[in-house]
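Here is the structure we will look at, set down as structure tokens.
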Amino acid sequence: MQLGAAPGAVRCRCSFVGAVDSSVPPSSQTVVRGKRFYPHRIAITERRTPSVPAPGTLFFGLGGGFWILFFFFFFFLFFFFFFLNYCYFFIEFPPRHGNFIPFVRGGDMVDYHASSNQAGAGGVQTYMEQENDWDRDLLLDPAWEKQQRKTFTAWCNSHLRKAGTQIENIEEDFRDGLKLMLLLEVISGERLPKPERGKMRVHKINNVNKALDFIASKGVKLVSIGAEEIVDGNAKMTLGMIWTIILRFAIQDISVEETSAKEGLLLWCQRKTAPYKNVNVQNFHMSWKDGLAFNALIHRHRPDLIDYDSLRKEDPVTNLNNAFEVAEKHLDIPKMLDAEDIVNTARPDEKAIMTYVSSFYHAFSGAQKAETAANRICKVLAVNQENEHMMENYEKLASDLLEWIRRTIPWLENREPKNTVNEMQMKQEDFRDYRCVHKPPKVWETSLLRNVSWRSTSTPSWHTLEGAEKGYEEWILSEIRRLERLEHLAEKFRQKAAIHESWTDGKEAMLTQRDYETSTLSEVKALLKKHEAFESDLAAHQDRVEQIAAIAQELNELDYYDSANVNIRCQKICDQWDVLGTLTQKRKESLERTEKQLESIDELYLEYAKRAAPFNNWMEGAMEDLQDMFIVHNIEEIQGLITAHEQFKSTLAEANKEREAIQAIQGEVQRIAQSNGIKLSGANPYTTITPESIDNKWEKAMEMVPQRDDALQGELHKQNSNDSLRAKFATQANAVGAYIQAKMEEIGRISIEMNGTLEDQLTNLRDYQTTILSYAPEVQKLENDHQLIQEALIFDNQYTSYTMEHLRVGWEQLLTTIARTINEVENQILTRDAKGISQEQLYEYRTSFNHFDKDHSGALQAEEFKACLISLGYDVENEKQGESEFNRIMSIVDPNGSGAVTFQAFIDFMSRETTDTDTADQVIASFKILAADKSYITADELRRELPPDQAEYCIARMAPYTGPDGVDGALDYMSFSTALYGESDL
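Going by this note's numbering, the sequence shown opens with residue 346, and the numbers climb by one from there.
Here is the structure:
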């Protein structure tokens, strides 16, 4: 329904009526286009054909001034209270399509929802899930990435400055997760878990994961954004994560007239900028490029800050800079965009624009209440005006309905009969069109009139219309049934006649042709079989001809209007049937006579075909074998091929005798044909093999035999040469493989024993490495032999189990093992010197480690490591306290949870266990000395006691002191000191 309104009033579209019950639980509500409906309370009205209402009694009489005055008084009171009850929903929920009351006209409203997407059940959550799956391909555009980087950095700093810090590089400053967690705490007002202060990658990943878990706990679905990518400084992932945070904490909660998030923000912008010329906000990219929309937003709420009429659309840079500067100076909105970037970009980045515009929304959200109150007053006035307009339309609707009934009844009483079913069906279609198209609107109008008045002037006329309608429908159905019965017989005749005529088409020409005179015996026999099948088909069609005649007779008896044409067609079918019977008998006699004349010659053809086919196949197979490309890999295979070829040559004499016998059969056929004057129609019907083709194949096969001999002998020579290469490679490979195996075992023994000092062990290992490297020429020699084998395409070697790939891997493993062993000794020396561990302690650690490394893998499994710790005096037995201590130690030596502890991790752990760990307390004590025993320290004291760069470092990172004894500018050195060692969540 379109509600009409006076000029200047708010107009809207409604598709339902009803009242909202606030007590209905949310589970029974349905979200439609950002609004909550209550299905059990709201009657949804669509474009449907309503049922015909039951007749009522007449209220509005056709005469009498009293009744006219009474009607208008009652009508006004009824509609006034009716529309006051439902006006809220007529205005608040605009329809998607259609009109509610067709006879009401009104203007169109300004559609602030034009650019909004349709939303189904799910509301804000569905939108957030769609937005979270952000388009990373947009970041491929450097201009968009630059805009996002600047905007997101400014947005983050606008919140981080509340905590006394900021970021410079968005992908670098969030890598350790500390500022990311701080940002989330500021914008959410909640406390996040304690961060880890270590510098290792695992600490950074854990911090970022804490932040991502907090974001996910707020109902945000993170798509393809992982902690590792943020820690690695992935710009795409970092920008995507910040965009997700902006959506959740800055845009999602925006709500304008029951639309939220992006749709709500866009609707808010449209409403605020609607009165301004040259401003048409339809999106968050091109609509903001000329800068007028930004200035309009500011002018709408603070007209004292901007002279909007002085702005020119042709100067977007000035417009943008003006808006950015005013927002930053007077509205405390940081500058997040560059005018040049927006103007010089073909399509500004939508996410950057949305982020900046959301700041305006939050800055001006306080002015929304006054506008809402004004809108509500306009809506109520529009409903009242609409009620008055509907009262004026009632009389016109009633008179139009009565006029339509008077025009329709004569049409329904017309009973002019038709001669065909099609004509009656056209009448039925007209009646169906009347029922489905013309009548439903009138039924609806009648229902509306009865809802307005319990007595309607159209009720008696409507009864008369329905009576005429029922009689007309019954007459149409009876006429259609009558004509269908007669038409059915005619259609049945036409179908059977068409089938028969289609079958007989070309049959006379087929029966009169003399194709058997030049056919072979097999073709004549095939023609006889085909003729027998035709005779059977002809007999089967006898029943159809009789049925056609019977139907024609019945149509004549029923006086069918087209009986003359039916009789002509039936007579033609019967005459043609008699002709086909005569021609069928004559053709059968001719075919049988020709068959006997060709049988004698056919027997000789058959004998030739029986012997020629297998001989021809033998020759083709022999030629394929002689031409076949052979691939062999050793001497035994080529010798087998030579033996098979010699056996084939021994069968050639017997094959030649069979060839001569086959040629003699063909000669006998020619002799018989010439002596009896028989004209042969073509080649042998049983085979396509001719005597000439047999002779030609025989000659080609004889030429291929010596060529095959030469090819086999050449391959035999090649295989002898390949076998020599295999033996040479095997000798060298067996020697290199044994050498590598022996050296690997020696290195394993040396790494376990480790006799002497670490420096002596390092010297011995380097000498041993030099000895191994001196063996490299032997490996290179083996590579050269392998190159020759590859060039000869040799793929197997029965003289050795080693392959070149296996030996290469073994050699590289040998070099890697000796290098790793040397590196371990060097690390032990560095550890000893750096940690102050004595040679005896290192020896003890090494001895304990090797003792429990049962499989000599260079790493201890969890149970082996526990036994080693027990041997060193650690209390990690299976009691609850001991198990907790063991888990703590395992998290240190095996942070990745691999289940194995390397010797280097074991040495690092033992080194930390034997060194001083009271560093944080020492630093706090030192700061206390500088602060003259106060619980806080000032910036002047830091600058006085520390070097300038370190003093400024402390001042920038120390939190303000909040104790009761603090002074202005007091700094908390205790939390700063503990944060240096990961003992606080600063």
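We put the CB at the ideal spot given by N, CA and C, even for glycine. Just so you know, these numbers come straight off a predicted model, no measurement behind them.
Per DSSP, which one or two residues make a beta bridge with residue i?
| i | result |
| --- | --- |
| Val601 | Thr604 |
| Ile1282 | Leu1316 |
| Thr1247 | Ala1204 |
| Pro1030 | According to DSSP, Pro1030 bridges with nothing at all. |
| Pro1305 | Leu1316 |
What did DSSP end up calling residue i once you bin it into helix, strand or coil?
| i | result |
| --- | --- |
| Leu1316 | strand |
| Ile858 | Checking the sequence shown, residue 858 turns out to be Gln, not Ile. Of the three classes helix, strand and coil, the one that applies to Gln858 here is coil, per DSSP. |
| Leu656 | coil |
| Pro679 | coil |
| Gln1206 | strand |
| Val626 | coil |
| Ala641 | helix |
| Thr1145 | coil |
| Gly985 | helix |
| Tyr1120 | coil |
| Lys955 | helix |
| Ser1322 | helix |
| Glu1222 | coil |
| Lys741 | helix |
| Ile976 | coil |
| Asp518 | coil |
| Ala897 | helix |
| Val565 | coil |
| Leu779 | The sequence shown places Tyr at residue 779, not Leu. Note: Tyr779 maps to helix in three-state DSSP. |
| Asn759 | coil |
| Pro540 | coil |
| Glu513 | coil |
Spatial neighbours of residue i within its chain, please: CB distance less than 7 angstroms, with the 5 preceding and 5 following residues excluded, ordered by chain position.
| i | result |
| --- | --- |
| Ser1322 | Ala1265, Val1268, Ile1269 and Phe1272 |
| Lys1333 | Outside the modelled stretch of the chain, which goes from 346 to 1331, sits residue 1333, for which no answer is possible. |
| Glu517 | Gly578 |
| Asp683 | Lys495 |
| Val1238 | Val1246, Ala1250, Phe1251 and Phe1254 |
| Met526 | Leu537, Pro540, Asn552, Lys555 and Ala556 |
| Arg760 | Trp820 |
Exposed or buried, which one is residue i when buried takes at least 16 other CB atoms within 10 Å?
| i | result |
| --- | --- |
| Val1170 | buried |
| His548 | buried |
| Cys1213 | buried |
| Asn664 | buried |
| Met769 | buried |
| Thr583 | buried |
| Val1221 | buried |
| Asn1029 | buried |
| Trp756 | exposed |
| Ser995 | exposed |
Might you give, ordered along the chain, the residues of its own chain that have their beta carbon closer than 8 angstroms to the beta carbon of residue i, omitting 5 neighbours on each side?
| i | result |
| --- | --- |
| Leu1110 | Ile1095, Ile1163, Thr1166, Ile1167 and Val1170 |
| Asn901 | Ser908, Val911 and Asn912 |
| Val869 | Tyr861, Leu936, Thr939, Glu940 and Leu943 |
Tell me which same chain residues have a C-beta within less than 6 angstroms of the C-beta of residue i, skipping the five on either side of it?
| i | result |
| --- | --- |
| Leu873 | Leu936 |
| Pro1240 | Val547 |
| Ala595 | Ser703 |
| Pro661 | Asp635, Gly636 and Val688 |
| Tyr1147 | Ala1078 and Gly1082 |
For residue i, decide whether its Cβ has a neighbour in chain B, counting only Cβ atoms nearer than 7 angstroms.
| i | result |
| --- | --- |
| Glu516 | Going by chain labels, chain B is absent from the structure shown, which holds only one protein chain. |
Return yes when the C-beta of residue i is under 6 angstroms from any heavy atom of the ligand NAD, and no when it is not.
| i | result |
| --- | --- |
| Ser503 | With respect to small molecules bound, the structure shown includes none, and the ligand NAD cannot be examined in it. |
Segment contact flag, the region 1188-1199 with the region 1226-1235, C-beta cutoff 8 angstroms, min 3 pairs: Taking 8 angstroms as the limit for Cβ pairs, the verdict is that the region 1226-1235 does not touch the region 1188-1199.
If we count Cβ pairs, one from each stretch, closer than 8 angstroms, do we get three or more for the region 1131-1151 versus the region 1059-1075? With the cut-off at 8 angstroms, the region 1131-1151 and the region 1059-1075 touch.
Quick check: the region 677-691 against the region 731-751, are at least 3 beta-carbon pairs closer than 8 angstroms? The region 731-751 is not in contact with the region 677-691.
Answer yes if the region 923-933 comes into contact with the region 889-905, meaning at least three C-beta pairs across the two stretches below 8 angstroms, and no otherwise. No: fewer than three Cβ pairs fall under 8 angstroms.
Examine the Cβ distances between the region 842-855 and the region 777-793 and report whether three or more of them are shorter than 8 angstroms. They do not touch, by the three-pair rule.
Determine, using beta-carbon pairs with one atom in the region 972-979 and one in the region 1037-1047, whether at least three such pairs fall under 8 angstroms. No: the two stretches stay apart, fewer than three of their Cβ pairs being nearer than 8 angstroms.
Report yes or no: do the region 606-624 and the region 639-649 share at least 3 C-beta pairs separated by less than 8 angstroms? With the cut-off at 8 angstroms, the region 606-624 and the region 639-649 touch.
Contact between the region 994-1010 and the region 946-964 is defined here as three or more beta-carbon pairs at a separation below 8 angstroms; is this criterion met? Because the criterion of three Cβ pairs below 8 angstroms is met, the region 994-1010 and the region 946-964 touch.
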